[in-house]
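Each remark here refers to the structure printed beneath this line.
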Amino acid sequence: MDTKPEFKPGNYLYAAKASALETVGLPNPRDWNPTDDDWKLPADWKGVVREGIAQRLERFRTFKLFMDICVRCGACADKCHFFIGSGDPKNMPVLRAELIRSIYRGEFKTAGKILGRLAGGRKLTEEVIKEWFYYFFQCTECRRCSVFCPYGIDTAEITIIAREIINLLGCNIDWIASPVANCFMTGNHLGLKPHTFKENAEYLLDDIEEYVGVKIEPSFNRKGAEILFVTPSGDIFAEPGIFTFMGYLMLFEHIGLDYTWSTYASEGGNFGFFTSHEMMKRLNAKMYAEAERLGVKWILGGECGHMWRVVHQYMNTLNGPPDFLDQPVNPITGTRFDNAASTKMVHISEFTADLIKNNKLKLDPSQNDHYTVTFHDSCNTSRGMGLLEEPRYIINNVCNNFVDMAPQTIRENTFCCGSGSGLNAGEYLEMRLRGGLPRANAVKRVAEDKGVNMLSCVCAIDRAVFPALMDYWVPGTDVCGVTELVANALVMEGQGEREYNLRGEENPSYVPPPESEGEAEGEAGEEGEE
Amino acid sequence: MIGFLFSVVAVLVLVGIALVGVGGLGLKVLFGVIIPYAAVLTFFAGLVYRVVDWGRSPVPFRIPTTCGQEKSLPWIKTNKVDNPCSGGMVLLRMAFEVLTFRSLFRNMKLDYRQGPTIRYSSEKFLWLFAMMFHWAFLVVIIRHARFFTEPIAQWLQGIEHLDGFLEFNLATFGIGLPTIQMSGLILLGGVTLLLVRRIVVPSVRYISLASDWFPLFLITFIALTGILARYVIRVDVVKIKELAMGLATFHPVVPDGISVWFYVHFFLVCVLFAYFPFSKLMHLGGVFLSPTRNLVNNSRAVLHVNPWSYPVKTHAYHEYEDDFREQMIEAGLPVEKTLEEAAAEKAPAAPAPAEADTEVTEEKED
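Which chain is which? The protein sequence lines are A and B, in order.
Residue numbering for the first sequence follows this note's numbering, starting at 1 and increasing by one per position.
Residue numbering for the second sequence follows this note's numbering, starting at 531 and increasing by one per position.
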């Protein structure tokens, strides 16, 4: 407990900017740096922390219970990807929790107050706050330890609450605070203004037209659409997420879905979740508000991990019940989604799996033949929801070559990408590569043994961070969203030759038609040359 | 290390207290009646207090840790135990957890190899030791009911019979001991193995606090003194039953001629009872209350209400449109108000703020 963390480039995250905290009215906005000696904490910071802890003990049974019942059996110790990748003992989930448990004992418990260290208690000092900042932003809230804990102690819950407490002192990281501020004002983490959001989508539509030969004209902010579609903004911004975004556009066009995008509710993700329960609620409110304003019947959600933790386990409680919506029914198959009866929001994988099961998609899986695909279960959708079979069912229907990684590293045992919960900042790359080691190792195994060359996932953060992780640990492995694979296999009405895939690469699985003159498909001409 | 030494010394001091108290000072009433009553009272009052105290904190969100396939589309097989979709399934999940330590059974060990490569292997020792320890402890406690009941119930005798099935084997060797009760030996074995594990495994040793060592040593000594009293010293069981029945019927008597080692055993048990509610041993109660295990994973199907939910400040659509109206119109995005409408509204009306914050009541951030 006495070894203090050393803030070195690569192992800590930049501090939140004053302007970001001001935008959303968070306490103690100031410019500071974790390497500073003086963190410019508010004058009564100890009182704030004590009261913050006390209030949360009253509000969360999880927190209170998890402070009390750990027996330190050590089952969680080697389950954390940051411990595996860094070897830092305080990354053992049990010790991460002890960082705050020791203060709970030292400040709130009689034995701890009197006996101090002997009773596992510590006094609250500024060093403790620095340590919290270091280690609670070195946990991705992935819940893997919680699976193995005999009492279900969930470090994610402890980290969420600890971050909430240090946020009361204005100690957040820039990579979380800035997206939060952006999302609050513009509707999405990237700060894309409405016209920019639309323009970005239009670029992708042009790409689809070029590579697939199909012109798609989706609607934005359209009232009276049947379905509102919400997905993380990361997927409209950068590779390889944009290919998944193109996949959504093609899928919905293929089935003729009556849906709309929103530039206001243009973010599925929720970095508020990494700040405080309150901030999560403030950002999440847009989804229902926009669904009500547009008068849609229900909401369909794209591929994203923490977004789905929030949607599945929190949204209805935070901002529901959305009585103005209908129970979701797939308009194409007629399937009623009973599991979303109250929240009225369906996961794209549930939706797509239902379409495939009912033979509503025209698929040519051989278009993905040049890929040997494996699937990364996102922490949140596996351990905070249980979405395990749907993506696999989809992949198996749109690809001919699918292999799972080792059972200890998938499904409920899945390893985090190492960059979840807002830690995917550039300055944190070293720690992210360390945290991603167990996942990368499992990929490497199937890459070497089974020839896997494509890592698929249903999470926008995964798509953003895996390319770097793969380049470092398993070079030659690409990353894609499941819906990109779906789109590759979709046989679109009026499509061209599909000589190129959505990435604009030559499609190795493309088989030229027997009559090489074959321009019967109309606009195929423009695909050929460049 | 301080915690380790402190705990050893503490338990030895406790043994000494009982030896001196009864053997030296003859405080039999104190150790045979007063302390036991106080300990049992502390145990039950403390237990209830702690559980009620936990229960007073609400469960604002439905956050089970799901360890299997959710219930979604009807043709997808649900993992009902590890991702319960009904109350009955939660009971099943809890039963597996409490009775068979299902989560510990999942445990796996990780090793690093050159590469770096990581391999996982099965690691069932913790689970095995924990099962030995807890189940044997339960049987031992149940067995001790024979001291507090008269006549001794049939089922209790049945348990004893099963527990003592080694009797014949030993009798054939001509060893004239009382029936060997396996539970006591398994308990001692289990607690010793857990102790050894805590000492030998570096990561577990590193995380251990005094409050981890102390109960292990305490229980080790309870088991040791119990076994000592039964098999070596052969304490006068009839007299002990007289004492126990007196306590159970609230007519305490302190018969003479009971070995001091019985009092040592009894005193350590009293300490365990009194210590229990204020220690990590409360995981006994806590395991039933853990929200990541005892909730149904149906948060999208059924509304879960947060009792302390409060309104928050959001950035409403009309504020957003006010920020970007011109660009939105230019980009061909539909708007609620045209530029003229917005301008007209702004001009005659009183300064805007009253209208600006619709949903906002207060922003609570203490």
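Ideal Cβ placement from N, Cα and C applies to all residues, glycine included.
Neighbourhood of A/Ser178 by C-beta distance below 7 Å, restricted to the same chain and skipping five residues each side
Lys17, Ala20
Note down the Cα distance separating B/Asn609 from B/Asn827, rounded to an integer number of angstroms.
11 Å
If we count the other Cβ atoms within 10 Å of its Cβ and call it buried at 16 or more, is B/Val730 buried or exposed?
exposed
Can you check whether the C-beta of A/Val147 is within less than 8 Å of a C-beta belonging to chain B?
yes
Quick one: which chain A residues come within Cβ less than 9 Å of B/Glu871?
Result: empty, since nearest Cβ-Cβ is about 17 Å, beyond 9 Å.
Determine, using beta carbons only, whether A/Ser419 and A/Gly436 come nearer to each other than 8 Å.
yes
Quick check: A/Gly269 and A/His376, are their CB atoms within less than 8 Å of each other?
no
Minimum Cβ-Cβ distance from A/Lys215 to chain B less than 8 Å
no
Does A/Ala542 come within less than 8 Å of chain B when only Cβ atoms are used?
Given a span of 1 to 530 for chain A in the structure shown, any question on residue 542 of chain A remains unanswerable.
Residue nearest to A/Leu355 in terms of C-alpha spacing, selected from A/Pro321, A/Asn368, A/Pro391, A/Arg383
A/Pro391
Could you check the C-alpha separation between B/Phe679 and A/Gly112 for me, to the nearest Å?
The question names Phe, but residue 679 of chain B in the sequence shown is Thr. Computed Cα separation, rounded: 40 Å.
Can you tell me whether B/Ala575 is buried or exposed, with buried defined as 16 or more other CB within 10 angstroms of its CB?
exposed
Check this for me: beta carbons of A/Asp139 and A/Phe83, under 8 Å apart or not?
The residue asked about is misnamed: residue 139 of chain A is Cys in this sequence, not Asp. No, Cβ-Cβ distance for A/Cys139 and A/Phe83 is not below 8 Å.
Best match in A/Asn28, A/Ser262, A/Ser378, A/Ala15 for proximity to A/Thr35 [C-alpha to C-alpha]:
A/Ala15
Neighbourhood of B/Trp791 by C-beta, 8 Å cutoff - its chain only, sequence neighbours within 5 removed
Thr755, Leu758, Ala759, Ile763, Val765
Counting beta carbon pairs with one atom in the stretch 315–322 of chain A and one in the stretch 357–371 of chain A, are three or more of them shorter than 8 Å?
no
By DSSP, does A/Glu506 sit in helix, in strand, or in coil?
strand
Less than 8 Å separating the beta-carbons of A/Met246 and A/Trp308?
no
Quick one: grab the DSSP three-state call for B/Ala638.
Here the sequence assigns Met to residue 638 of chain B, which means Ala is not the residue at that position. If DSSP states are grouped into helix, strand and coil, B/Met638 belongs with the strands.
Partner residues on chain B for A/Arg72, Cβ-Cβ distance less than 8 Å:
Val734, Ile737, Ser738, Leu739, Asp742, Lys810
Hey, A/Thr263 and A/Ala225 are a contact pair by Cβ (cut 8 Å); roughly how many whole angstroms apart?
The Cβ separation is near 14 Å, so there is no contact.
Against chain D, with Cβ distances strictly below 8 Å, would B/Leu656 count as a contact?
Looking at the structure shown, chain D is missing, and the protein chains on hand are A and B.
I think A/Asp369 touches A/Asn400, with their Cβ atoms under 8 Å apart; what is that distance to the nearest whole Å?
6 Å
Would a check of beta-carbon distances place B/Gly546 closer than 8 Å to chain A?
no
Residue of A/Tyr151, A/Lys286, A/Met1, A/Asp68 minimising C-alpha distance to B/Val628:
A/Tyr151
Within the 8 Å Cβ cut-off, does B/Ala691 reach chain A?
Residue 691 of chain B is actually His in this sequence, not Ala. So, not an interface residue.
I'd like to know if B/Gly598 contacts chain A, where contact means its C-beta is closer than 8 Å to some C-beta of that chain.
yes
Look at the alpha carbon of B/Ile749 and the alpha carbon of B/Leu640, and state the distance between them as a whole number of angstroms.
31 Å
Determine, using beta carbons only, whether B/Pro590 comes closer than 8 Å to chain A.
yes
Below 7 Å, is the gap between the Cβ of B/Asn613 and the nearest heavy atom of the ligand FMN?
Although the ligand FMN was asked about, the structure shown includes no ligands whatsoever.
Residues of chain A with CB under 8 Å from B/Gln857, in chain order?
Lys193, Pro194, His195
Shortest alpha-carbon distance to A/Arg282 belongs to which of B/Tyr840, B/Phe818, B/Gly585, B/Gly816?
B/Tyr840
Rounded C-alpha distance that separates A/Phe415 from B/Leu773
57 Å
For A/Pro475 and A/Val452, the rounded distance between their alpha carbons:
11 Å
Cα-Cα separation, B/Cys800 to A/Thr275:
46 Å
By the 9 Å beta-carbon criterion, what residues does the stretch 148–163 of chain A contribute toward chain B?
Phe148, Cys149, Pro150, Tyr151, Gly152, Ile153, Asp154, Ala156, Glu157
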